[in-house]
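All residue numbers for the sequence shown refer to my numbering, where the first residue is 4 and numbers rise by one.
Don't be surprised by glycine CBs; every beta carbon is placed ideally from N, CA and C.
One structure below.
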Amino acid sequence: MDLGDKIKAARSQKGITQKELAEKTGLTERTIQRIENHEVEPSVYSLNKISEILSFDFKTEKHRIMKRRNQIIYTIMIVWTIALVFNLIFTEFNFESRWWEIVIWFMTLVFVLTGQIYIPYRKKR
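Here is the structure:
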């Protein structure tokens, strides 16, 4: 169950409408709708406000999702690095024709380490 679904379930369980939740949190009704429909990822401020009203710690859930995404990114980087190293060791390397492999690896590594690669919040279709 995604974060938006959990917010929707907690809201429904408390018997609160989207409009009531919006009024109690100070957010707009459209913002609540967009969060529940996975159109946007809630900000820390929004998540705190929603958590207060619904008495549920959604920050822990968001942290778990972000941690899993980071694990996936780092796993991809490790596999890509191992593949590149094996390729360089076991094949004849001609820098003039295969320089792009190192450039792609290096740029990906830089983007991952600086946090420039972002996997967007999955939208429900």
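Check: For the alpha helix (DSSP H) containing isoleucine 35, list its first residue and its last residue.; Outcome: 32 to 39
Check: Going by C-alpha to C-alpha distance, which of Phe114, Gln36, Ile56 and Ala12 sits closest to tyrosine 77?; Outcome: Phe114
Check: Quick check: what's the CA-CA separation for phenylalanine 93 versus tryptophan 83?; Outcome: 15 Å
Check: Under the three-state reduction of DSSP, which class applies to isoleucine 105: helix, strand or coil?; Outcome: helix
Check: Taking 7 Å as the limit between beta carbons, can you name the residues of its chain near isoleucine 56, skipping five residues before and five after?; Outcome: Leu24, Lys27 and Thr28
Check: Classify serine 49: buried if its beta carbon has 16 or more other beta carbons within 10 angstroms, exposed otherwise.; Outcome: buried
Check: Just verifying my parser: in three-state terms, what is the DSSP assignment at phenylalanine 59?; Outcome: coil
Check: Which same chain residues, not among the five before or five after leucine 87, have their C-beta less than 7 Å away from its C-beta?; Outcome: Glu104 and Trp108
Check: Distance check for alanine 12 and isoleucine 68, CA to CA, integer angstroms please.; Outcome: 18 Å
Check: Below 8 Å on the Cβ atoms is my contact criterion, and I expect phenylalanine 61 with leucine 116 to pass it. Report the Cβ-Cβ distance as a whole number of Å.; Outcome: Not quite, the Cβ-Cβ distance comes to about 28 Å (not below 8 Å), so this is no contact.
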